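Just add 435 to wherever you are in the sequence shown, counting from 1, and you've got my numbering. By construction, the Cβ of each residue, glycine as well, lies at the ideal position given by its N, Cα and C atoms. From a predicted model like this one, the values you see are computed outputs, not experimental measurements.
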Amino acid sequence: MVPTLFGIILINFAVVQFAPGGPIEQLLAESRGEGNVTARFTGEAQGEVRGAPQAQTDGATQGRYRGAQGVDPAYIRELEKQFGFDRPPVERFFKMLGDYLTFDFGRSWFRDKPVVALIIEKMPVSISLGLWSTLLIYLICVPLGIAKAVRDGTRFDLTSSSIILACYAIPDFLFAILLVVLFAGGSFFQWFPLRGLTSPGFADMSLGQQILDYAWHMVLPLTALVIGGFATLTLLTKNFFIEEIAKQYVQTARAKGCTERRVLYGHVFRNAMLLIIAGLPGAFIGILFTGAVLIETIFSLDGLGLLALESALRRDYPVLFATLYISSLIGLITQLLGDVLYTVVDPRIDFEAR
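Structure below.
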């Protein structure tokens, strides 16, 4: 896990060094009144950078930063020092690693908040989406996969497969836009809210009203996330069950007089669900950090996905690398937990013996 995490941070840090439009160029663009590149996502007003003196600069500064014409070179050097760009990249990289070992992520360059505070602030939205969508996917797909395995080759199996594959072929963000157009005041109905997870005055509602309001706001985002997750898990469950049903121990259990339900859930279920259950943590993390980025953007949900996207567009490197570091670390930990779950679900697996 340690060298993998190191490699992830190193490669992304190296890529960023060659990416055009760094944070200094962002500030210079705003100082010329060209606006905030992420205003369309954040809703921030276009503003100007105060204190940017208007004077001619030298040719060296013009070559380093496009659009730096008319800005005092001393101001450019002050910005470089403020952002830490006055030091060599290698020194900045190892300083960043040292800080990350103690989870010191610094402050956001454009929000003027500690990065940890920002991540904690956005975490509840992403956890809500990731947790509920993962639970819904498993609660729907596992029984459906079992039903398809038991009825393999029947009309139910063929019809459900066609529907599942059709849903899988539709990108979740495109389906989300369709839901907005149909049910969130786009062109037809306005049955569901378009923004946020709660309504104004949520704190003054009773507990029951808060639950209903929260569920009302979650319907469209969860539908968009869940619809694309049916195919893989359903077909994996079906294939694992078909494979187990064909094994010798199932025939033996039937010969001993066990009922079909006893054979299916008492013998087949545990072996067939090995990979499915072990993959649960990874599925949750995948939706939490990557699967909900476009969904959060479309439904204006201020979560980690939208935060990472804004940070990448605006080159807010402390926030960008902190979210990358945390998501990579949690992803590696969940892979380890998945290996541990293998031994819990199936005691026959013995890593020490191997």
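#1: Of all the options L660, G766, I680, which has the alpha carbon lying nearest to the alpha carbon of T732?
#2: Can you check the stretch 554 to 614 for any alpha helix (DSSP H) of at least 4 residues that lies completely inside it and give the ranges in chain order?
#3: Does the beta-carbon of W544 have 16 or more other beta-carbons within 10 angstroms, so that it is buried, or is it exposed?
#4: Counting pairs of beta carbons, one from the stretch 573 to 581 and one from the stretch 666 to 678, are three or more of them closer than 8 Å?
#5: What is the residue span of the alpha helix (DSSP H) that S746 lies within?
#6: If you follow the alpha helix (DSSP H) that A650 is part of, which residue opens it and which one closes it?
#7: Taking only three categories from DSSP, how would you classify A688?
#8: Can you tell me which of the three DSSP states A707 falls into?
#9: Expressed to the nearest angstrom, what Euclidean distance is found between the alpha-carbon atoms of E695 and A584?
#10: Less than 9 Å separating the beta-carbons of I722 and G664?
#11: How many Å lie between L600 and D592 at the Cα?
#12: At a cut of 8 Å, does the stretch 755 to 762 reach the stretch 438 to 447 through at least three beta carbon pairs?
#13: Report the rounded CA-to-CA distance for C693 versus L699, giving the unit in angstroms.
#14: From the DSSP output, read off the bridge partner residues of P549.
#15: Based on Cα-Cα distance, which residue from I662, P635, W651, L570 lies nearest to I711?
#16: In the structure shown, what three-state DSSP assignment does A718 receive?
#17: In three-state DSSP terms, what is F756?
#18: CA-CA distance, D751 and P656?
#19: Only counting the same chain, and skipping five residues up and downstream in sequence, which positions put a Cβ closer than 7 Å to that of L440?
#20: Taking DSSP's pairing of strands, which residues face A619 in a bridge?
#21: In three-state DSSP terms, what is T537?
#22: Helix, strand or coil for G636, going by three-state DSSP, please let me know.
#23: Between I677, F448, C602, H702, which has its C-alpha nearest A688's C-alpha?
#24: Check whether the Cβ of L647 sits closer than 8 Å to any heavy atom of the ligand SAH, and report yes or no.
#25: Let me make sure I understand the geometry here. Which of V654, R542, E556, K516 has the alpha-carbon closest to that of F734?
#26: Excluding the five sequence neighbours on either side, which residues of its own chain have a C-beta within less than 8 Å of the C-beta of F618, listed in chain order?
In short, the structure shows the following:
#1: Position 297 of the sequence shown, counting from 1, holds the residue named residue 732. For the residues L660, G766, I680, the minimum Cα distance to T732 belongs to L660.
#2: List check, alpha helix (DSSP H) in window: 590 to 604.
#3: One-based indexing of the sequence shown puts residue 544 at position 109. Classification for W544: buried.
#4: Between the stretch 573 to 581 and the stretch 666 to 678 there are three or more inter-stretch CB-CB distances shorter than 8 Å, so the stretches are counted as touching.
#5: Your numbering for residue 746 matches position 311 in the sequence shown. In this chain, the alpha helix (DSSP H) harbouring S746 covers 739 to 749.
#6: By one-based count along the sequence shown, residue 650 stands at place 215. That run of the alpha helix (DSSP H) goes 642 to 662.
#7: Position 253 of the sequence shown, counted from the start, is the residue given in the question as residue 688. Note: A688 maps to helix in three-state DSSP.
#8: For the purposes of this step, residue 707 is taken as residue 272 along the sequence shown, with counting starting at 1. The answer is helix: DSSP assigns A707 an H, G or I state.
#9: On the sequence shown, residue 695 is found 260 positions in, with the first residue counted as 1. On the sequence shown, residue 584 is found 149 positions in, with the first residue counted as 1. E695 and A584: Cα-Cα distance of roughly 13 Å.
#10: Against the sequence shown, residue 722 aligns to sequence position 287. Against the sequence shown, residue 664 aligns to sequence position 229. The Cβ atoms of I722 and G664 sit closer than 9 Å to each other.
#11: As a first step, residue 600 is located in the sequence shown; it is residue number 165 there, counting from the start. As a first step, residue 592 is located in the sequence shown; it is residue number 157 there, counting from the start. Distance between the alpha carbons of L600 and D592 is about 12 Å.
#12: Three or more beta-carbon pairs separated by less than 8 Å link the stretch 755 to 762 to the stretch 438 to 447, which places the two stretches in contact.
#13: In the sequence shown, counting from the first residue as 1, residue 693 sits at position 258. In the sequence shown, counting from the first residue as 1, residue 699 sits at position 264. So the alpha carbons of these two residues sit roughly 10 Å apart.
#14: By one-based count along the sequence shown, residue 549 stands at place 114. Paired residues: R542.
#15: As a first step, residue 711 is located in the sequence shown; it is residue number 276 there, counting from the start. Measuring from the Cα of I711, the nearest candidate turns out to be L570.
#16: By one-based count along the sequence shown, residue 718 stands at place 283. Secondary structure at A718: helix, using DSSP grouped into helix, strand and coil.
#17: For the purposes of this step, residue 756 is identified with residue 321 of the sequence shown, where counting begins at 1. In the structure shown, the three-state DSSP call for F756 is helix.
#18: Along the sequence shown, read from residue 1 onward, the residue named residue 751 stands at position 316. Along the sequence shown, read from residue 1 onward, the residue named residue 656 stands at position 221. Per the coordinates, the alpha-carbon of D751 lies some 27 Å from the alpha-carbon of P656.
#19: Translated into positions along the sequence shown, residue 440 becomes position 5. Correct list, in chain order: S763, L764, L767.
#20: Stepping through the sequence shown from its first residue, residue 619 is reached at position 184. Bridge partners of A619: Q625.
#21: The sequence position of residue 537 within the sequence shown is 102, counting from 1. Reduced to three states, the DSSP call for T537 is coil.
#22: In the sequence shown, residue 636 corresponds to position 201, counting from 1. Look at G636 here: in three-state DSSP terms it is coil, with no helix or strand label.
#23: Position 253 of the sequence shown, counting from 1, holds the residue named residue 688. Taking only the C-alpha atoms, the option nearest A688 is H702.
#24: Only the bare structure without any ligand can be found here, which leaves the ligand SAH out of the picture.
#25: To locate residue 734, count along the sequence shown from 1; it is residue 299. For F734, the nearest C-alpha among the options comes from V654.
#26: Here the question's residue 618 lines up with position 183 in the sequence shown. Taking C-beta separations shorter than 8 Å and ignoring five residues to either side along the sequence, the partners of F618 in its chain run F624, Q625, W626, F627, L655, following chain order.
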